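Take 1 as the starting number for the sequence shown in UniProt numbering and just add one per residue.
Even for Gly, the Cβ is constructed at its ideal location relative to N, Cα and C.
Please read these numbers as outputs of a predicted model, since none were measured by experiment.
This report refers to the structure that appears directly beneath it.
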Amino acid sequence: MKAIVKPACILLAITVIAATLLGIVSEVTKEPIAIQNAKTEAEAMAQVFPVDGVEFETVKDTSAGDEISGTISKVSKATVNGELAGYVVTTNPSGFGGAVGTMVGVDKDGVITGLRVLSHSETPGLGALSTEPSFYEQFTGMSGDVKVTKDGGQVEAITSATITSRAVSDGANEALKWVSENGGAN
Numbered sequence: 001m002k003a004i005v006k007p008a009c010i011l012l013a014i015t016v017i018a019a020t021l022l023g024i025v026s027e028v029t030k031e032p033i034a035i036q037n038a039k040t041e042a043e044a045m046a047q048v049f050p051v052d053g054v055e056f057e058t059v060k061d062t063s064a065g066d067e068i069s070g071t072i073s074k075v076s077k078a079t080v081n082g083e084l085a086g087y088v089v090t091t092n093p094s095g096f097g098g099a100v101g102t103m104v105g106v107d108k109d110g111v112i113t114g115l116r117v118l119s120h121s122e123t124p125g126l127g128a129l130s131t132e133p134s135f136y137e138q139f140t141g142m143s144g145d146v147k148v149t150k151d152g153g154q155v156e157a158i159t160s161a162t163i164t165s166r167a168v169s170d171g172a173n174e175a176l177k178w179v180s181e182n183g184g185a186n
C-alpha cells in the first residue's frame with residue numbers, strides 16, 4: 001500500500017503545481033492577448049472600411065449578449081465627422097472545415113467597401129486561399145446578392161474550394177442584408 005501512496009502523492013503535487021502555473025500564465029497573458037485582439041480588429045476594420053477620419057462604434061455584439069440574426073456576431077457603425085458612413089459587420093458562416101470568420105465593410109448605400117477573412121479552419125492550400133487579396137478583393141464594390149460564378153454570380157471561386165468561397169459570399173450577403181434592413185439608406 002505504501003508503494004502506491006508515495007507515487008500518487010508525487011503525481012498529485014506535480015499536477016497541482018502544473019495547474020497553478022497554467023492558471024498564472026493564463027492570467028498574466030489575458031490582458032496582452034485582449035489588447036492584441038483589439039488592435040488586430042481595429043486594423044481589419046480600417047482595411048474593410050478605408051475612409052479617412054472614420055470612427056467605429058460597436059452597436060451589436062453577441063459576446064455582450066446582443067441578439068443578431070443569422071451568422072452575424074458583431075456590427076459596428078462607421079461614422080465620419082459624426083455622419084453615418086456605413087457599417088462593419090463580422091460574420092461566421094459555415095465553410096468546409098468549420099466557421100469562416102469574415103469582416104465586411106458596407107457603406108450606407110449598401111455597397112461593399114472591403115472584406116477580409118479573419119479566421120478559418122479550411123484546408124491549407126485550398127480554402128485557406130480565401131485570405132489572399134486575389135480572392136477577397138473581388139467583393140469590393142459589390143451589392144445586392146453576392147454569389148460565386150458557379151451559382152450564376154460574379155465571384156470567381158477558389159479552385160477546389162467552392163464551399164469556402166460560398167461561405168465567404170454568404171458572409172458578405174449577411175452583412176448586406178443586415179445593413180439593408182437595419183441601417184442603410186435603402
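Tell me which residues share the same chain as residue i and place their Cβ nearer than 6 Å to its Cβ, disregarding the 5 neighbours each side in the sequence.
i	result
M45	F56, V88
T58	S76
Please name the residue in the options whose C-alpha comes closest to that of residue i.
i	options	result
D170	N182, S134, T113, T90	T90
V100	V106, L115, S119, D107	S119
S143	Q47, K177, I158, A42	K177
Q107	V168, N182, S73, Q154	Just to set this straight, residue 107 is Asp in the shown sequence, not Gln. Closest by alpha carbon: N182.
In the structure shown, what three-state DSSP assignment does residue i receive?
i	result
A157	coil
E181	helix
I14	helix
T162	helix
V148	strand
S143	coil
A3	helix
Going by beta carbon distance, what residues of the same chain come within less than 7 Å of residue i, once the five residues before and after it are set aside?
i	result
R166	V148
Compare the beta carbon distance of residue i and residue j with 8 Å and say whether it is the shorter of the two.
i	j	result
T164	S134	no
G86	F49	yes
V111	G141	yes
In its own chain, which residues sit with a C-beta less than 8 Å from the C-beta of residue i, not counting the 5 before and 5 after it?
i	result
V51	A78, V80, A85, T113
**Request:** Entirely within the region 62 to 138 and at least 4 residues each: give me those alpha helix (DSSP H) ranges in chain order.
**Result:** 133 to 136
**Request:** Please go through the region 20 to 63 and give each complete alpha helix (DSSP H) segment of 4 or more residues, from N-terminal end onward.
**Result:** none
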